[in-house]
Ligand code: SF4
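Below is the structure:
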């Protein structure tokens, strides 16, 4: 089973900058029967990017598709046979490194495309190393809602904290710890992002997915996509409304 995928529109933007992002999409929340998002909120669960793009295209009368089934299979492999999962992941990463070299691109990896697992905690097949330590020469990055992950010593793993409905205290904690904070704004792509939010400069995170290149100390603004466009839970923020109300 191939674990990593590539090729969504944001990744194509990154290729123009010389990077090839490979993403691991697991089944989010508890869709596989296993929880992969320990800090998910009601709003993010229902607006999750899991059903963005082809992952959300279902034949009439059906509630699943081959993409969703594959994500569930990968997640079940992670929980049922971790050695096999990491064996496959290592193969995929090695292949991606070679493939990118042929294309003249730098491979980068996002293992929580649609999950929020603390991969730093998983020591691989008796090596005493996690996946980041096994590939110290390559860059990994993710978004997370888990505050306090022990990753400061992992130079090749970059985390951006994710704001959601009801995690304001963790957002403040993340800012205090120096994280950039990804925030989904409920505005059209034709509208400019707000210049500041929560007292911080907003950086347009939709220009590419290469979060490890972002300036430090910013809000990473993202336009609402898919189901998030209709969110009323507080997951999506509406800066214009807030400014008017202030
Ligand atoms: S934590 Fe992320 S991946 Fe999990 S349900 Fe929420 S938005 Fe989706």
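Residue numbers (our numbering): 28 to 273.
Ideal Cβ positions, reconstructed from N, Cα and C, are used throughout, including at glycine.
For residue j and residue i, the rounded distance between their alpha carbons
{"i": "residue 57", "j": "residue 101", "result": "13 angstroms"}
{"i": "residue 30", "j": "residue 237", "result": "20 angstroms"}
{"i": "residue 218", "j": "residue 89", "result": "35 angstroms"}
{"i": "residue 181", "j": "residue 148", "result": "12 angstroms"}
{"i": "residue 159", "j": "residue 62", "result": "22 angstroms"}
{"i": "residue 81", "j": "residue 253", "result": "11 angstroms"}
{"i": "residue 53", "j": "residue 67", "result": "15 angstroms"}
{"i": "residue 15", "j": "residue 177", "result": "The structure shown does not extend to residue 15, since the chain spans only 28 to 273, so no value can be given for it."}
{"i": "residue 239", "j": "residue 166", "result": "8 angstroms"}
{"i": "residue 105", "j": "residue 154", "result": "18 angstroms"}
{"i": "residue 70", "j": "residue 211", "result": "11 angstroms"}
{"i": "residue 257", "j": "residue 152", "result": "44 angstroms"}
{"i": "residue 46", "j": "residue 193", "result": "34 angstroms"}
{"i": "residue 264", "j": "residue 250", "result": "10 angstroms"}
{"i": "residue 83", "j": "residue 226", "result": "35 angstroms"}
{"i": "residue 39", "j": "residue 131", "result": "14 angstroms"}
{"i": "residue 255", "j": "residue 35", "result": "18 angstroms"}
{"i": "residue 266", "j": "residue 209", "result": "14 angstroms"}
{"i": "residue 241", "j": "residue 96", "result": "33 angstroms"}
{"i": "residue 118", "j": "residue 125", "result": "11 angstroms"}
{"i": "residue 110", "j": "residue 137", "result": "20 angstroms"}
{"i": "residue 65", "j": "residue 41", "result": "29 angstroms"}
{"i": "residue 206", "j": "residue 222", "result": "18 angstroms"}
{"i": "residue 164", "j": "residue 157", "result": "14 angstroms"}
{"i": "residue 72", "j": "residue 195", "result": "17 angstroms"}
{"i": "residue 269", "j": "residue 168", "result": "Confidence at residue 269 is low in this model, with a pLDDT of 48, below 50, so its placement is unreliable and no value can be given for it."}
Own chain residues within Cβ distance below 6 angstroms of residue i, not counting five before or after
{"i": "residue 274", "result": "Outside the displayed range of the chain (28 to 273) lies residue 274, so it cannot be described from this structure."}
{"i": "residue 220", "result": "229, 231 and 248"}
{"i": "residue 127", "result": "47 and 134"}
Heavy atom of ligand 1 within 8 angstroms of residue i beta-carbon
{"i": "residue 59", "result": "no"}
Residue nearest to residue i in terms of C-alpha spacing, selected from the options
{"i": "residue 198", "options": "224, 184 and 217", "result": "224"}
{"i": "residue 55", "options": "212, 213, 99 and 85", "result": "99"}
{"i": "residue 243", "options": "204, 250, 215 and 141", "result": "204"}
{"i": "residue 213", "options": "259, 33, 226 and 241", "result": "259"}
{"i": "residue 150", "options": "131, 164, 112 and 140", "result": "112"}
{"i": "residue 261", "options": "190, 202 and 201", "result": "190"}
{"i": "residue 76", "options": "157, 140 and 196", "result": "140"}
{"i": "residue 202", "options": "87, 33, 117 and 246", "result": "246"}
{"i": "residue 60", "options": "138, 103 and 169", "result": "103"}
Residues of its chain near residue i, where Cβ-Cβ distance is below 7 angstroms and the 5 sequence neighbours each way are ignored
{"i": "residue 115", "result": "28 and 30"}
{"i": "residue 162", "result": "120"}
{"i": "residue 123", "result": "31, 49 and 134"}
{"i": "residue 44", "result": "235 and 237"}
{"i": "residue 145", "result": "173 and 176"}
{"i": "residue 94", "result": "81 and 82"}
{"i": "residue 78", "result": "253 and 254"}
{"i": "residue 200", "result": "174"}
Beta-carbon contacts of residue i that lie in its chain and below 8 angstroms, excluding the five residues immediately before and after
{"i": "residue 85", "result": "91 and 92"}
{"i": "residue 233", "result": "37, 216, 248, 249 and 250"}
Query - Distance cut 5 angstroms, beta-carbon to ligand 1 heavy atom: residue list by chain order - result: One residue list follows from the rule of a beta carbon closer than 5 angstroms to any heavy atom of ligand 1, given in chain order as 55, 56, 64, 67, 71, 72, 75, 141 and 143.
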